[in-house]
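Using this note's numbering, the first residue of the sequence shown is number 8, and each one after it goes up by one. By construction, the Cβ of each residue, glycine as well, lies at the ideal position given by its N, Cα and C atoms. Comments concern the structure below.
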Amino acid sequence: MLGTIVNAVAIVIGGMVGLLLRKGIPDNYKATVMQGLGLSVLVIGLMGAFKNENILLLIFSIVLGGIIGEKLEISNKLDNLGIWIENKTGKGEGSVAKGFVTASLMFCVGALAIVGSLESGLTGNHETLYAKSLLDGIASVIFASTLGIGVIFSAAAVFIYQGIITITAGAVRYLLVEEVIREMSAIGGLLIVGISFNILEIKKVPVANMLPAVFLPILYQLLEPLILSATTIIQNIF
Numbered sequence: 008m009l010g011t012i013v014n015a016v017a018i019v020i021g022g023m024v025g026l027l028l029r030k031g032i033p034d035n036y037k038a039t040v041m042q043g044l045g046l047s048v049l050v051i052g053l054m055g056a057f058k059n060e061n062i063l064l065l066i067f068s069i070v071l072g073g074i075i076g077e078k079l080e081i082s083n084k085l086d087n088l089g090i091w092i093e094n095k096t097g098k099g100e101g102s103v104a105k106g107f108v109t110a111s112l113m114f115c116v117g118a119l120a121i122v123g124s125l126e127s128g129l130t131g132n133h134e135t136l137y138a139k140s141l142l143d144g145i146a147s148v149i150f151a152s153t154l155g156i157g158v159i160f161s162a163a164a165v166f167i168y169q170g171i172i173t174i175t176a177g178a179v180r181y182l183l184v185e186e187v188i189r190e191m192s193a194i195g196g197l198l199i200v201g202i203s204f205n206i207l208e209i210k211k212v213p214v215a216n217m218l219p220a221v222f223l224p225i226l227y228q229l230l231e232p233l234i235l236s237a238t239t240i241i242q243n244i245f
């Protein structure tokens, strides 16, 4: 858990620095920086998504994951949590909830969050999460300078999300082969593309509702022997 703790602290520190810088940045500069950040996030997402080597699994995961997320109403619950934080902090301009949701998703669904948490849980190696902490700290400065204090609260979401992955990694160790981790990272990259669309205001993508998709390659790995057996039987029949 040490890597996740360091990651959360880095986001808080970066967010505080961003808040200090925010007061001196004119609105037109903030808008330009936000657009540039959106484009950068788009490139990061595409780089991750292009690592995919099983397009059918990616499509299946996104579709089924989206259905699960809609059923669980993850997006609404995350938005409501952001609004609750906004009310508690006494901010009413709506930026707290937006900053919390945007930063939480950005920091949670990327390849580094997944791979780093798995490494931390399986081997006790925190180096990937340390590298992520540095990147997230810098990113939180930029996010907080444009989206405000909500970015700082995303540290709690990162702590819970990565902590759960780290703690449960040992239980599914035998399923976490290289192919599974690669596909999980690729799906995470695709979700980051969705986040960039939201930042650029191209299209509102319910990224939070698609979060279950990231973990479906693990289910596929578990069921793969049955799928292959069924495929072989069908081929023999026809």
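Secondary structure at MET8: coil, using DSSP grouped into helix, strand and coil. Buried is the label assigned to ALA110, since at least 16 other Cβ atoms lie within 10 Å of its Cβ. ILE149 and LEU183 have their C-alpha atoms spaced approximately 34 Å apart.
Uninterrupted alpha helix (DSSP H) stretches at least 4 residues long and entirely within the stretch 161 to 244 occur at 185 to 206, 223 to 244, given in chain order. In the structure shown, ILE156 adopts coil according to DSSP, grouped into three states.
Straight-line measurement puts the Cα of LEU49 at about 14 Å from the Cα of ALA146. Within the same chain, and ignoring the five residues on either side of ILE12 in sequence, the residues whose Cβ sits closer than 8 Å to its Cβ are PHE166. Measuring C-alpha to C-alpha distances from ASN205 to each of GLY45, GLY25, VAL19 identifies GLY45 as the nearest.
The Cβ-Cβ distance between LEU112 and VAL214 falls below 8 Å. Classified as exposed, PHE57 has fewer than 16 neighbouring CB atoms from the shown chains inside 10 Å of its CB. When the Cα atoms are used, ASP143 and PHE114 turn out to be separated by approximately 7 Å. With a beta-carbon spacing of about 30 Å, PHE107 and PHE67 fall beyond the 8 Å limit used to define contacts. The continuous stretches of alpha helix (DSSP H) do not include GLY131, and DSSP gives it neither H nor E. The beta-carbon separation of ALA220 and ILE69, rounded to 5 Å, stays under the 8 Å limit for a contact.
With respect to GLY72, MET217 sits close: the two C-beta atoms are nearer than 8 Å. PRO33 counts as exposed, since fewer than 16 other C-beta atoms from the protein chains shown sit within 10 angstroms of its C-beta.
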